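First the structure, in the form of structure tokens, and then the observations on it.
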Amino acid sequence: MNHGDLVERHFTRLKPEQQRALAKLGIRTIRDLLYHFPARYENAGPTGTIAGVTAGAEVTLYGTVRKPDVRKTWKSRRPIAEAWLEDASGRIKMTWFSQPYIAKSLHDGMQVKVSGRIAGEGAKIYLANPEIDKSPVAPEDIHTSLFTNGQVRLVQNLDKSDLSRLYPVYPESKGVSSLWLTHAVKKAFEAGAHEQIEDPIPADILARYKLPSLAAALVFIHRPRRRADYEGARKRFAFEEIFALQVVMQQRRREHLAENALPVAVDRAALAGFIGSFPFPATSAQQNAIDTIVSDFEQRHPMLRLLEGDVGSGKTAVAAATAYLVATSLPQGRIAGTLQVAYLCPTEILAKQHFSTFVSYFKDHPIPIGLITGSECRVFPSKVRYEESAKISKPAFKKRVAEGTIPVVIGTHALVEKSLAFRYFAYAIIDEQHRFGVSHRQKLSTKSATAPHLLSMTATPIPRTLALTLYGDLDLTLLDQMPSGRKPIKTEVLGHERREEAYERVRAELAAGRQAYVICPRIDEPDPQKELALQAKSVTAEAARLQREVFPEASIGILHSKMKPADKEAVMRRFEKGDIDILVATSVVEVGVNVPNATVILIEGAERFGLAQLHQLRGRVIRSNNQAYCFALPESYGTATKERMKAFANAKDGFELAEYDLALRGAGELAGGRQWGVSDIAMEALKNPKLVEAARREAARVVSEDPGLKNHPALRLRAATSDKEMHLE
830 MNHGDLVERH FTRLKPEQQR ALAKLGIRTI RDLLYHFPAR YENAGPTGTI
880 AGVTAGAEVT LYGTVRKPDV RKTWKSRRPI AEAWLEDASG RIKMTWFSQP
930 YIAKSLHDGM QVKVSGRIAG EGAKIYLANP EIDKSPVAPE DIHTSLFTNG
980 QVRLVQNLDK SDLSRLYPVY PESKGVSSLW LTHAVKKAFE AGAHEQIEDP
1030 IPADILARYK LPSLAAALVF IHRPRRRADY EGARKRFAFE EIFALQVVMQ
1080 QRRREHLAEN ALPVAVDRAA LAGFIGSFPF PATSAQQNAI DTIVSDFEQR
1130 HPMLRLLEGD VGSGKTAVAA ATAYLVATSL PQGRIAGTLQ VAYLCPTEIL
1180 AKQHFSTFVS YFKDHPIPIG LITGSECRVF PSKVRYEESA KISKPAFKKR
1230 VAEGTIPVVI GTHALVEKSL AFRYFAYAII DEQHRFGVSH RQKLSTKSAT
1280 APHLLSMTAT PIPRTLALTL YGDLDLTLLD QMPSGRKPIK TEVLGHERRE
1330 EAYERVRAEL AAGRQAYVIC PRIDEPDPQK ELALQAKSVT AEAARLQREV
1380 FPEASIGILH SKMKPADKEA VMRRFEKGDI DILVATSVVE VGVNVPNATV
1430 ILIEGAERFG LAQLHQLRGR VIRSNNQAYC FALPESYGTA TKERMKAFAN
1480 AKDGFELAEY DLALRGAGEL AGGRQWGVSD IAMEALKNPK LVEAARREAA
1530 RVVSEDPGLK NHPALRLRAA TSDKEMHLE
């Protein structure tokens, strides 16, 4: 058998429901099985055997069911399900009060895992209402032939006493239980599959950071004898995943920087004049960001930069200023036509808003600006009226872009369509980078034979460790300063009894000529015949209630994702013009919606939103120098909610809140791990800056010494897997 044949072998002779369940869990080979790690571990008492349990202990036991039956108590005639659990050391009674149906679901001889508390005293102890995993592990379910070539080898020191220390609990799917996976992993170990996988981490790196080998780490994480075993293994696998991801990033960065960019003519005097025409003075943070990008333009290789700024910090102005520099640069050897800019936005609302903002910035400069979305194309200036934009057909729009006569093109996903070609594509700007998959960025970057300068922007503050991991191929620039005159938003968390305070503030703001947002977690009320009623308020019902009971004199509009683009645009236009006083919406307004006259926001069911999302929503009312207010109105108010709401109310800025969120709930809330193909283990490791920095440093060194990883075949395979997972959307 060739090296690796065993671990790459696919599962065979399984039931259809088991095959479907394994596929859903991402398990197709023995290698996948060994990389399917336990979600948690359960203790099984002092010895893990029935003979060793004591009264009051929480235990997990494996054994055989004997004599399941139902009886009734002598006085109350209350039904009780009973059965015996038997292992090699003895047996213990299991009792379920008022649950006679459990006895009917068991049969004599069934192999089970049970978890629960030991009740009673002395010789009369029993398991009270234990949870039971009834999934059988029969010979037809786990086949030795899947894992062996006729020579079964036991893992050293892996015996029944070891298995009794900590029981792994695996993520499972219908058809494949945690117990099934436990036995499958055991078979893989007995066949020595864990020793046949080549370690992707070079030996010198393992030694430098005192990390266990792959074979040892697999045993430690699946069969830990003590807490330190699986903690050490998790650290190793977190390093492995982040290291492999950083290798991909460093390879991508190396390839990108090896390319030549279209030269941008840097006219600092003209740029200063353009910035000076803004309706506000640029902050020092904005000016520093612009200067950094301009310096990148002066390099021969393409820029790769992430601009991270809090809500309202002025990223769009930075994008406009640097786009102006590109859009006024002539291609080499030509006396007409300019370099082109593509500005990719996550939503149609945001694309149209940025188009309007760019038009206001460029109105005194003769530079055409285009807008392309799924519903329309527009060009500024109009041939009829210079100060306005004109709607044109999509074929005509694409023809003008291909000819190079529209220097600045703003749009949604329509920008990455193959049919949209640029003539002198020099600069790609991606707004809200985390909302796009890596492939969107690459599609935009490959729209020209020459690689464009790339500026990714996000208004979702990201902890440094997360930024280094997910955007490891980019240089990082922070906009950590707000425009002068901006007042901090007054944020309050109100229970049901104080709801009227929020309404009074809305009334006061409306009386002053301002506007308000009300955010709801749902669009519609649930169908009681199809779905259990939830507490979460819906846009449609809440808008009707507010109109009827709370703000009868106000004009109330609604906005949500199920509306047609034209209807959404009409509502936003009315809100921007002031025809709507209160906009009741879902989190569709989370990103970028800019209505300076809106000064108060109420967030219903606040505990249902992540902290980063709450911060984004709050940012909708920090668009002017007027005092702004945010009221979080949670439906439930437990200990965890109190802590999160306190952090939301007290955080000075989004960066502080993001670090708190990472410490409290992990990185998954900040940037969905599955979107990036990053496991829970790796996401949790982002709380360890030293580990991330070490992985990045080692990846840069390895790629520098061996760019194609010819001398590191196992790492090349692991990196290819990470690259593939990152492209999943």
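Mapped onto this note's numbering, the consecutive letters of the sequence shown carry residue numbers 830 to 1558. The C-beta atom is built at its ideal place from N, Cα and C for all residues, glycine as well. Everything numeric in this text was worked out from a predicted model, so none of it was measured.
Residue(s) in a DSSP beta bridge with W925 | The sequence position of residue 925 within the sequence shown is 96, counting from 1. Looking at the DSSP assignment, W925 forms a beta bridge with A910.
When the Cβ atoms of the region 1250-1261 are set against those of the region 1148-1163, are three or more pairs found closer than 8 Å?
-> yes
Run of the alpha helix (DSSP H) containing E1137, from where it starts to where it stops = Here residue 1137 is taken as the residue at index 308 of the sequence shown, counted from 1. No alpha helix (DSSP H) holds E1137; the beta strand (DSSP E) holding it covers 1133-1138.
Alpha carbon to alpha carbon, what distance is there between T1167 and F1191?
-> The residue labelled residue 1191 in the question sits at position 362 within the sequence shown. The residue labelled residue 1167 in the question sits at position 338 within the sequence shown. One C-alpha to the other measures close to 15 Å.
Residue range of the beta strand (DSSP E) that includes R896 = Stepping through the sequence shown from its first residue, residue 896 is reached at position 67. According to the sequence provided, residue 896 is Lys. The question's Arg does not apply to it. 887-901 is the span of the beta strand (DSSP E), which, as asked, contains K896.
Can you list the alpha helix (DSSP H) stretches of 4 or more residues lying completely in the region 1452-1488, in chain order?
-> 1468-1479
Under the three-state DSSP convention, the category Q1161 falls into = Your numbering for residue 1161 matches position 332 in the sequence shown. Q1161 falls in the coil class under three-state DSSP.
Taking C-alpha atoms, which residue in A1469, T1470, V1429 lies nearest to S1453?
-> Taking the sequence shown and counting its residues from 1, the one referred to as residue 1453 is at position 624. When each option's Cα is compared against that of S1453, the closest is V1429.
To the nearest angstrom, how far is it from the Cα of P1000 to the Cα of S918?
-> Residue numbering aside, residue 1000 sits at position 171 when the sequence shown is read from its first letter. Residue numbering aside, residue 918 sits at position 89 when the sequence shown is read from its first letter. About 30 Å.
Exposed or buried, which one is Q1128 when buried takes at least 16 other CB atoms within 10 Å?
-> Within the sequence shown, the letter at position 299 stands for residue 1128. With fewer than 16 Cβ atoms within 10 Å of its Cβ, Q1128 is classed as exposed.
In chain order, what residues of the same chain lie with their CB nearer than 7 Å to the CB of A1280, ignoring the 5 residues before and after it?
-> Taking the sequence shown and counting its residues from 1, the one referred to as residue 1280 is at position 451. H1085, E1088, A1090, P1131, S1274, listed in sequence order.
What is the residue span of the beta strand (DSSP E) that Q1344 lies within?
-> Here residue 1344 refers to the residue found at position 515 when the sequence shown is read from its first residue. Start and end: 1344-1348.
6 Å Cβ shell around E1024 - same chain, five flanking residues per side excluded = The residue given as residue 1024 occupies position 195 in the sequence shown. Closer than 6 Å at the Cβ level, and outside the excluded window around E1024, lie A1044.
With distances taken Cα to Cα, identify the nearest neighbour of K1228 among F1251, H1242, S1211, G1240.
-> On the sequence shown, position 399 is the one that residue 1228 refers to. Residue F1251 is the option with its Cα nearest to K1228.
With a CB to CB cut of under 6 Å and the five nearest residues on each side skipped, what residues in its chain are close to S1551?
-> The sequence position of residue 1551 within the sequence shown is 722, counting from 1. Answer for S1551: A1073, L1074, V1077, listed in chain order.
Check F1209 in the structure and name its three-state DSSP category.
-> Indexing the sequence shown from 1 puts residue 1209 at position 380. Note: F1209 maps to strand in three-state DSSP.
Whole beta strand (DSSP E) runs in the region 1227-1294 with 3 or more residues, listed along the chain?
-> 1237-1240, 1254-1260, 1282-1287
Note down the Cα distance separating L854 from A1062, rounded to an integer number of angstroms.
-> Here residue 854 is taken as the residue at index 25 of the sequence shown, counted from 1. Here residue 1062 is taken as the residue at index 233 of the sequence shown, counted from 1. Pairing L854 with A1062, the inter-Cα distance amounts to about 21 Å.
Pick helix, strand or coil for R805, following the three-state DSSP scheme.
-> One cannot answer for residue 805 here, as it falls past the ends of the chain, which runs 830 to 1558.
Please work out which residues of its chain come closer than 7 Å, Cβ to Cβ, to T1298, disregarding the five sequence neighbours upstream and downstream, and give them in chain order.
-> Your numbering for residue 1298 matches position 469 in the sequence shown. Once the five neighbours on either side are set aside, the close Cβ partners of T1298 are I1071, L1074, L1515, V1521.
Coil, strand or helix - Y1153 by DSSP = Residue numbering aside, residue 1153 sits at position 324 when the sequence shown is read from its first letter. Under the three-state reduction of DSSP output, Y1153 falls in the helix class.
Thinking just about the alpha-carbon of each residue, which of S1124, Q1115, Q1079, K1212 is nearest to the one in R1097?
-> Taking the sequence shown and counting its residues from 1, one reaches residue 1097 at position 268. For R1097, the nearest C-alpha among the options comes from S1124.
Of the residues I954, N958, H1389, which one's Cα is nearest the Cα of A932?
-> By one-based count along the sequence shown, residue 932 stands at place 103. When each option's Cα is compared against that of A932, the closest is N958.
Please check the pair V941 and D916, which I expect to be a contact at CB under 8 Å, by giving their CB distance rounded to whole angstroms.
-> Numbered from its first residue, the sequence shown carries residue 941 at position 112. Numbered from its first residue, the sequence shown carries residue 916 at position 87. So it is not a contact: roughly 11 Å between Cβ atoms.
Identified DSSP bridge partners for I1026 | The sequence position of residue 1026 within the sequence shown is 197, counting from 1. Note: I1026 sits in no beta bridge, so no partner.
Nonlocal neighbours in the same chain, by C-beta distance under 6 Å from S846, ignoring five residues either side | Here residue 846 refers to the residue found at position 17 of the sequence shown. Looking at the sequence provided, one finds Glu at residue 846 rather than Ser. Same-chain partners within the cutoff: G1004.
Spell out a yes or no on whether the region 1282-1291 and the region 1193-1202 are touching, meaning 3 or more CB-CB pairs, one atom from each, closer than 8 Å.
-> no
Beta-carbon proximity check, L1412 vs Y1346, cutoff 7 Å = Taking the first residue of the sequence shown as 1, we reach residue 1412 at position 583. Taking the first residue of the sequence shown as 1, we reach residue 1346 at position 517. Pairing L1412 with Y1346 gives a Cβ-Cβ distance under 7 Å.
Sub-7 Å separation of H1389 and V1368 beta-carbons = Counting from one through the sequence shown, the residue named residue 1389 turns up at place 560. Counting from one through the sequence shown, the residue named residue 1368 turns up at place 539. Closer than 7 Å, so yes.
Given 8 Å, three or more beta-carbon pairs between the region 1308-1321 and the region 1378-1385 = no
Let me know the secondary structure DSSP gives L992 once reduced to three states.
-> For the purposes of this step, residue 992 is taken as residue 163 along the sequence shown, with counting starting at 1. Note on L992: pLDDT 40, under 50, position unreliable in the model; the coordinate value appears next. Helix.
Outcome for A1243 when other beta-carbon atoms lying within 10 angstroms are tallied against a minimum of 16 = Along the sequence shown, read from residue 1 onward, the residue named residue 1243 stands at position 414. That one is buried.
So, is E1330 buried or exposed, given that buried needs 16 or more other C-beta atoms within 10 angstroms?
-> Your numbering for residue 1330 matches position 501 in the sequence shown. E1330 should be labelled exposed.
Three-way DSSP call (helix, strand, coil) for I856 in this model | Within the sequence shown, residue 856 is the residue found at index 27, counting from 1. DSSP places I856 in coil when its eight states are reduced to three.
Cβ pair count under 8 Å reaching 3, the region 1294-1311 against the region 1135-1149 = yes
Just curious, the beta strand (DSSP E) that R946 is in, first and last residue?
-> The residue given as residue 946 occupies position 117 in the sequence shown. Residues 940-948.
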